[in-house]
Structure formats: structure tokens, C-alpha cells
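Taking the working numbering, the leading residue of the sequence shown gets 257, the next gets one more, and so forth.
Virtual Cβ for every residue (Gly too), placed ideally from N, Cα, C.
These numbers were taken from a predicted model, which means no experiment stands behind them.
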Amino acid sequence: MSISRPSGLRAGFHAEGFETTSGLLHAGEQWVPEQFLIEPHEHPVWEIYLQQHGSTHWVADGQSYVLHPGHLFAVPPGVPHHLAGRSGNHHFYFAAIDLDPVVRRQPALATPWPKTVVHREAGELTHAFAQLVRELATRYEYAETGLTLAVDQLVLAVSRSLAPAAVPQLAMHPAVRTVKRLLDQEFHEGWTLRQLADRVGLAPAYLAELFVGELGQPPHRYLNERRIDRARQLLETSDVTITALAFTLGFSSSQHFARVFRQLTDTTPTAFRSSQSR
257 MSISRPSGLR AGFHAEGFET TSGLLHAGEQ WVPEQFLIEP HEHPVWEIYL QQHGSTHWVA
317 DGQSYVLHPG HLFAVPPGVP HHLAGRSGNH HFYFAAIDLD PVVRRQPALA TPWPKTVVHR
377 EAGELTHAFA QLVRELATRY EYAETGLTLA VDQLVLAVSR SLAPAAVPQL AMHPAVRTVK
437 RLLDQEFHEG WTLRQLADRV GLAPAYLAEL FVGELGQPPH RYLNERRIDR ARQLLETSDV
497 TITALAFTLG FSSSQHFARV FRQLTDTTPT AFRSSQSR
């Protein structure tokens, strides 16, 4: 495997040269400036993008698509596509995967994907992509096994996003479930209790009471924990600056980010990053 940073990126990487057993051809995570373009190209396998922040304009097979945070963009084999026009600073994951080795390992995933471009909300893929990036960017024991499992998990997550909606098995108030999903998938947004309450049609105080009753903490605390969980992963696997990271995660400033990070981890973002590089 080789990892490089294409010229013009703000941060991030492109990894390629994998053993074919995993099914992964290339993958990465990139923070892209406004003027960055991706020329028309195609692949013999599926290429999967997940928009994390900012918005982008893609063209695939002659059709235009606008991706917003949490949008999945999956392009079938042999379909030309490119990043068109200036989109402003943005951040996305990507992976090109041959599904055949995955299906041989996991026969239950043999249900074919559509033969056309997939464009839909699928913010729940963030966790699977984050694990794949962690396997690529960090030297772990059992690296080949970890990478293979991460590829399988990503294919499973995409397959689930294409399937009918999941049926909850644990009783949870619908408003709390909706707010939890928003905070899990859109933690970069500057949510206030009033905004969350408006989304579910409840009074703020009543929503807070329900949320604490179900999850044991208020929405703001839950939101900050999700942000710091993501911060730890990015500090470990990327070289994006602390300031850029703070704004990416929805904090008002790097000082605010550092204060919350210390409250929840007993260390600073800089010290945590340094400890991971030893």
C-alpha cells in the first residue's frame, strides 16, 4: 500500500496499491479547497463518496448531482464522473471497491446494487468510513485482517442504506430517536436546544427532559461527546490543523474546541495528537 497527498489538497490522503484480497482499489479522506477539481474518470469497480462538510457539484454519466453533508454518491463501474465547478472548501471520504471478493467472504451481501448512480442521504456511513480510514492511516497489528473487516463493514453499511428503513428493536421516544440521529449524523451543525425542539415539535424543556430520561444526559452534552469522539479519530489519522478541525466539527473557535476537548478527555488536542504520533 502507498499513501500520498495529491497536490492542491488542504489536508488528507489518497491510498492505493492494496492486495486484491480485500477488494479495495483505492480510498482516502480529503479536505479540498475551492479551486480543486477532479477530472473526468471512471473505474472498473464501484466508487463510493460520502460528503462530510461543504457542498459539491458532481457530474456522472452526463447528469448533475449536488452533494450536501451526509450525502452518499456511489458510481457504478465504467461510468465516467468528475467534480465540476468551484464548490468552496469541502471534506469527503471515498473508496473504490470490487464487490466480488467481499461477496465471497460475505455471501449475504450478494444482493446486487443498482446499475445506476446512487445519490441519497446516508450519514450513518460516517462510522464505517472512519474505521476504514483509521486502518489505512495507522499501523496496527493484524493490519490485513483489520482492513478486510473495514471494507466488509463499509459494503454492509452501503447495502443497508439501499435497503428499507431499519426497524428499531428498543423502545425510544420518537422525538428522542430523531434528535439522537441528527446529533449522530450532523454533529458539525451548530444545534441549539430550540432548533432541535422545533425539528420534533416539542417544547425545549420537555425535549431535554425526555432526552435525559432516555440517554442519561442532555442533548448538548451528547452532541459534544460525538464531536470529541470524531475529533480524536481525526487527530489520530489526519494532519488537518487544530483550527480547521474545530470549525469542521461545529465549534465556534479553536479555543472553544480545546476547552471542550479538555473537559471530556483531560488533555488538549495538541497533546493528544502528539501522544498518538509516538
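- Looking only at Leu449, Phe269, Ala340 and Leu281, the smallest Cα-Cα distance to Pro296 is reached by Ala340.
- The stretch 461-476 makes no contact with the stretch 308-322, as fewer than three CB pairs between them are under 8 Å.
- Cα atoms of Gly402 and Glu275: separation of roughly 13 Å, rounded to the nearest angstrom.
- Put simply, the backbone Cα of His309 is about 31 Å away from that of Glu397.
- For Arg376, the closest alpha carbon among the candidates Pro368, Glu272, Val331 and Val389 is that of Val331.
- Judged by pairs of C-beta atoms under 8 Å, the stretch 319-326 does not touch the stretch 384-393, as fewer than three such pairs exist.
- Cβ-Cβ distances below 8 Å link Arg518 to Thr524 in the same chain, with the five nearest sequence neighbours on each side left out; the list follows chain order.
- Within the model, the alpha-carbon separation for Arg483 versus Ser531 is close to 20 Å.
- Under the 10 Å beta carbon count, Arg529 is surrounded by 16 or more other beta carbons and is classified as buried.
- Burial is judged here by how many other beta carbons sit within 10 angstroms of a residue's own beta carbon; Arg486 has at least 16 and is buried.
- Only residues of its own chain outside the window of five on either side were considered, and among them Glu492 and Thr493 have a CB closer than 7 Å to the CB of Thr394, listed in chain order.
- If you look at Arg376, you'll find it in the beta strand (DSSP E) that goes Val374 to Glu377.
- The alpha-carbon of Glu303 is positioned some 6 Å away from that of Ala351.
- A straight line joining the alpha-carbon of Phe348 with that of Gln307 spans about 4 Å.
- Counted as a single uninterrupted DSSP element, the stretch harbouring Pro430 is not any beta strand (DSSP E) but the alpha helix (DSSP H) occupying residues Pro430 to Gln441.
- In terms of Cα proximity to Phe385, the closest of Asp454, Leu412 and Pro289 is Leu412.
- Residue pairing from DSSP places Phe329 in a beta bridge opposite Tyr305 and His375.
- Boundaries for Pro475: no beta strand (DSSP E) harbours it, while the alpha helix (DSSP H) harbouring it runs Pro475 to Thr493, taken from the DSSP string.
- With a cutoff of 8 Å on beta-carbon distance, Pro357 and Thr277 are scored as near each other.
- Shown here, Val322 sits in a strand according to DSSP, grouped into three states.
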